[in-house]
Every structure is written in C-alpha cells, then in structure tokens.
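For reference, the structure discussed in these notes is given below.
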Amino acid sequence: MTTLTVGSIWLLTIGATANIDRGENRLEHAALCSLVALTDGSLEAPVIPPIDKGTYQLIQNLNFSTSPKAWQDSFYQGGNTEKVHTDAQAYHKAYKGYEDYWNDWQDAATAVGAKTKEAKLKESGALELDGRAKQYAHTKIRSIALRARKIWRASTSSTSEAAEFNAATELKKLKKAIYGTETSSRNDATTDGVFNGDPGNSRNTACDAAVGTGKATTVAAQLACVCLKNTASNAVGVCTDKADGPTGWAAGATKFQDGDVQAVLKTCPSGKGAAITATKIRAAAEAVRSLLSSVSGNAYLGKFKNTNCDGTSGNGICVAITGYDADPTAGFNKLGWPQTLHAIAKALEDREAAAVLAAQTNKLLEEEAGKAMDVVKEAREATTTAESGQTRQQPEPRKEEKDRCSKHNSNGTCTPDNNCKWEEKDGKGEYCKPKDGEGQKT
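Counting from 3, one number per residue, gives the positions in the sequence shown under this note's numbering.
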C-alpha cells in the first residue's frame with residue numbers, strides 16, 4: 003500500500019486546481035441556454051383596447067349643446083347648422099390655444115347641428131334646455147368636458163407610441179441578438195454568423211466581448227466560448243458532454259466548424275410554446291449577469307484561471323469583458339445582446355402599461371359622461387319644478403258665487419264689480435260666471 007505524505011497531497015491539490023474540471027461551466031451553459039430558448043417562444047404583444055371615442059365625443063357634444071347661442075352660431079356657415087366652418091374663424095381665434103381645441107369644437111358642432119342627431123345626445127334632453135337651465139348645465143358640463151379632454155389626451159399619446167410595437171419585428175431582433183442573424187436557428191447557425199464575421203484562429207481574441215468583427219457578442223458565440231472543448235487540452239465536458247462539439251476549438255488553430263456551434267446550441271432545451279414576456283427576458287439576462295466573476299477589474303463569464311480565455315484548462319474557457327469594473331452597465335452591454343433584449347422587454351412593458359391605461363381611460367370617460375348626463379337631468383328637473391311652482395291650481399268656485407252670478411242674464415249687469423264675468427264661448431248654457439283670481443273685489 004502506498005502512503006501519501008502531506009507534501010504529496012499538497013502537490014496533488016495544486017495539480018488538480020491547475021485544470022478546469024468537468025461541469026465547471028454548467029451554470030453558464032444553463033443561463034445562456036435560457037436566452038436561446040426565448041427564440042422558440044411566442045412573442046405576443048398585449049392587446050390595447052381602443053380608447054372610447056364615442057363616449058368622449060358625447061361629453062364634448064353635451065358641452066357644446068349647452069353653450070351660449072352666440073358660440074354655437076359662430077361655427078355654422080350662414081346659419082345652416084349642417085354646414086360647419088372648415089377653419090377657425092376670428093371669433094374662435096380670440097381664445098388662447100384655440101388650435102388645440104379646434105378639432106373637438108368642430109366635431110361637436112357637426113354632431114349637434116346634424117339633421118339626424120346621435121342617439122345618446124338626443125335622449126339626454128340637452129338639446130331642449132334653454133334659459134337658466136341651459137346656463138346652469140353648461141357651467142357644470144364645461145368643467146367635465148375639460149377634465150375628459152385631459153384624460154383623453156394623456157391616454158392617446160401614451161397608447162399611440164406603444165401601439166407601434168410589432169411582434170414579428172421584435173422577434174427578428176431577438177434572434178439576431180442570439181444567433182447573429184434574424185433568420186438563423188439552432189439547426190443552421192454558422193461560425194461567421196454568430197461571431198459577426200470570421201473569428202480567425204485566436205480563440206482568446208474572439209472570446210473577448212467587444213464591438214468588432216469576429217467577436218463574441220451574441221449568445222451563440224458566448225456558448226461556443228464557454229462550452230466547446232479545446233482539442234489540444236484535456237478539458238472536456240465543462241458544460242455538458244454534448245456541448246463539447248464534435249471537433250472542438252483549439253487555440254491557435256483555424257476557426258471551429260459550423261457543426262460545432264450547432265451542436266452546442268442543440269444542447270439548449272426548447273422553449274417552444276412558451277410566451278416571451280418582459281419578466282422572462284429580464285430574468286434571463288440577470289441570470290447571466292449574476293454569473294460574472296471579476297479579476298483585476300475585468301469580468302469573466304465562464305471559468306477563468308489565468309491570463310486569458312484561450313480555451314485551455316490552464317487559462318480559461320470563458321468570455322472576457324475588459325474593464326468591466328470601471329462601468330458595470332457598459333461592461334455588461336459589451337456582450338452585445340443585453341441592450342437589445344432590454345429594449346424588447348421595455349417595449350413589452352410599455353405595451354402592457356398602455357393596455358391598462360386604455361382600460362382605465364375608458365372607465366374614467368364613462369364616469370365623466372355619466373356625470374354630464376346627470377347634470378342635464380338635474381337641469382331638466384329643476385326647470386320642471388320651477389314651471390309647476392308658477393302654475394297654481396285654481397280653486398273651484400263656491401256654490402254661493404255660482405248662484406249669485408247666475409242671476410245675471412246680460413253682460414250689462416254681469417260685471418267684475420259683481421265679482422262675475424260674462425262668458426259666451428260655446429253659445430249655450432249660463433253665460434255669467436264667478437270671476438276668480440287676481441282682480442276680485444273684496
């Protein structure tokens with residue numbers, strides 16, 4: 003039996019730590035593969051419900067229909083309510099900022115002046131208001147219309163920008179960030195494609211993340227740097243056995259084959275059928291960031307031991323980010339794909355926010371329209387109450403008054419002095435009847 007001394011154990015330990023062991027880049031492989039899996043998923047933009055133009059317009063129509071007659075008349079050509087001025091007149095231009103309001107004013111004038119009125123406007127009763135009731139309604143509805151306009155403008159400006167999101171275009175951007183071209187996949191990715199040009203015969207140079215031809219600035223290129231075996235060393239299976247590649251990539255040799263990059267990409271699990279969300283994109287990017295290690299101000303993705311990322315077990319099977327610590331955000335972006343993926347995530351988030359905003363806007367517009375309709379109802383009820391208060395119920399004449407006046411059979415004696423009045427409308431019956439109301443003699 004061989005006895006190991008303390009010194010021999012120490013030498014064995016040094017020898018072991020000098021090499022990169024099997025599976026040391028398994029986490030990096032998994033993190034990069036989660037990005038590859040995104041290209042298999044479905045990128046669907048959240049649906050933004052259309053802003054309810056009809057409800058918004060109803061509020062503006064109610065505002066216009068209760069406005070002063072002089073204001074309404076200023077919009078029509080020659081008094082014809084079916085002919086609205088196409089441009090603002092001097093009367094309108096007297097109002098500061100009229101340009102921003104003109105389209106709303108014009109649309110409302112058209113709706114109110116139309117021969118066939120919009121159903122809700124007609125049913126509201128606003129068109130029948132006049133006098134003090136109309137003035138009362140306009141005072142309140144004007145504030146509602148201004149509030150609705152602010153709600154409308156805030157939402158339409160936000161949703162219009164988010165509406166420009168195109169899922170097919172964004173998916174192409176995603177694929178280019180992963181594979182180097184918009185049309186590539188696991189099955190047909192090429193060495194020159196993933197490295198943005200010929201990576202040459204220096205693995206160390208190619209695996210330095212930086213802008214330029216033949217650099218590891220795509221996810222597929224970075225998988226090649228952290229996984230492909232170096233045919234001149236004994237480091238195999240640093241990611242998985244299948245991710246070694248059939249040929250491998252030796253430092254100082256010619257560039258590796260297309261089959262090698264395709265082989266490492268095919269070791270990534272499929273993400274087919276999964277929805278591509280902003281949360282998934284950001285989480286996948288952050289997983290890669292969390293695996294970076296820092297040495298002397300530089301960062302490395304994958305196992306780094308010494309000098310560079312030439313693929314040898316004595317140096318490193320990795321991607322180098324020079325000067326990372328000086329500016330971590332800029333350093334991380336040197337990987338090439340982070341900015342693209344974060345932009346896609348933000349576009350999705352903006353779209354989601356716009357969808358929520360549109361739904362909230364429609365709800366608020368419904369509420370404001372309800373308030374405006376209630377004001378019209380209040381004004382109508384107030385008018386009815388006032389009119390009924392002015393009309394007194396006349397009392398029936400007392401029997402003695404009837405008897406007293408019935409004694410007169412000519413208009414000469416049937417006079418107001420007797421509290422009677424002569425009525426000869428129907429040509430029959432008694433013509434002298436009691437006088438009622440104002441002017442009675444006491």
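We put the CB at the ideal spot given by N, CA and C, even for glycine. Just so it is clear, the structure is predicted and the values come from calculations on it, not from any experiment.
- prompt: Skipping 5 residues on each side, what residues in its chain have a beta carbon closer than 7 Å to that of Ala-39?
  reply: Cys-270, Pro-271, Ser-272, Gly-273
- request: Could you tell me whether the stretch 203–214 touches the stretch 305–320, using the rule of 3 or more Cβ pairs below 8 Å?
  value: yes
Cys-35, DSSP secondary structure in three states: helix
- request: Could you tell me which residues DSSP puts in a beta bridge with Val-263?
  value: Per DSSP, none; premise fails for Val-263.
message: Quick test of your reading: Thr-242 and Ile-180, contact by CB under 8 Å. State the CB separation rounded to the nearest angstrom.
response: So it is not a contact: roughly 19 Å between Cβ atoms.
field: Residue span of the beta strand (DSSP E) that contains Leu-303, given as start and end
entry: 300–306
Beta-carbon contacts of Val-2 that lie in its chain and below 8 Å, excluding the five residues immediately before and after: Given a span of 3 to 444 for the chain in the structure shown, any question on residue 2 remains unanswerable.
query: Does the pairing of the stretch 347–358 with the stretch 149–164 give three or more beta-carbon distances under 8 Å?
result: yes
message: Does the stretch 144–159 come into contact with the stretch 85–98, if we say contact requires no fewer than three beta-carbon pairs (one atom in each stretch) closer than 8 Å?
response: no
message: Which same chain residues end up closer than 7 Å to Glu-398 when comparing Cβ atoms and leaving out the 5 residues on each side of it in sequence?
response: Note that Glu-398 has pLDDT 48, beneath the 50 cutoff, so the model's placement of it is unreliable and the number below is only indicative. Here the set comprises nothing.
- prompt: For Ser-162, does the three-state DSSP call read helix, strand or coil?
  reply: helix
query: Using the rule of at least 16 other Cβ atoms within 10 Å of the residue's Cβ for burial, across every protein chain shown, is Gln-79 buried or exposed?
result: exposed
message: Suppose you measure from the CA of Ala-447 to the CA of Ala-252; what does that come to, to the nearest Å?
response: Since the first residue shown for the chain is 3 and the last is 444, residue 447 is missing from the structure and cannot be characterised.
message: For Ala-47 and His-344, what's the separation of their Cα atoms in angstroms?
response: 16 Å
- request: Please list, in chain order, all residues of the same chain as Leu-294 whose beta carbon is under 8 Å from its beta carbon, the five residues on each side excluded.
  value: Ala-301, Tyr-302, Leu-303, Ile-323, Tyr-326, Phe-334
query: Where DSSP assigns a beta bridge to Cys-422, which residues make up the other side?
result: Pro-436
Integer-rounded CB distance, given that Ala-371 should sit under 8 Å from Thr-57: 5 Å
- prompt: For Lys-268, which of Pro-248, Thr-279, Ala-286, Thr-281 has the nearest alpha-carbon?
  reply: Pro-248
task: Would you kindly check if the distance between the Cβ of Leu-225 and the Cβ of Gly-250 is under 8 Å?
output: no
task: Report the three-state DSSP secondary structure of Val-103 (helix, strand or coil).
output: Looking at the sequence shown, residue 103 is not Val but Tyr. Helix.
query: For the beta strand (DSSP E) that contains Ile-323, what are its first and last residues?
result: 318–323
query: Taking buried to mean at least 16 other C-beta atoms within 10 Å of its own C-beta, is Pro-70 buried or exposed?
result: exposed
query: Just how far apart, CA to CA, sit His-94 and Tyr-100?
result: 7 Å
message: Relative to the C-alpha of Thr-215, which candidate in Cys-227, Ala-222, Gly-202 has its C-alpha closest?
response: Gly-202
message: Within the continuous alpha helix (DSSP H) that includes Lys-95, where are the two ends?
response: 92–95
Anticipated Cβ contact below 8 Å, Gly-25 with Val-240, distance rounded: 7 Å
message: Could you tell me the alpha carbon to alpha carbon distance between Ala-381 and Ile-346, rounded to whole angstroms?
response: 52 Å
- prompt: Who are Ser-76's beta bridge partners in DSSP?
  reply: Bridge partners of Ser-76: none, in fact.
field: In DSSP terms, what Ala-277 is bridged to
entry: Ser-44
field: Proximity below 8 Å, CB of Ser-186 to CB of Thr-363
entry: no
Continuous alpha helix (DSSP H) stretch holding Glu-125: start and end: 121–126
Arg-205 burial status per 10 Å Cβ neighbour count (16 or more: buried): buried
field: C-alpha gap between Ser-298 and Leu-45, whole angstroms
entry: 40 Å
field: Beta-carbon proximity of Thr-193 to Val-238, cut-off 8 Å
entry: no
- prompt: Should Ala-170 and Thr-385 be called a contact, given that it needs their Cβ atoms to be closer than 8 Å?
  reply: no
query: So, Arg-353 versus Phe-66, is the Cβ gap smaller than 8 Å?
result: no
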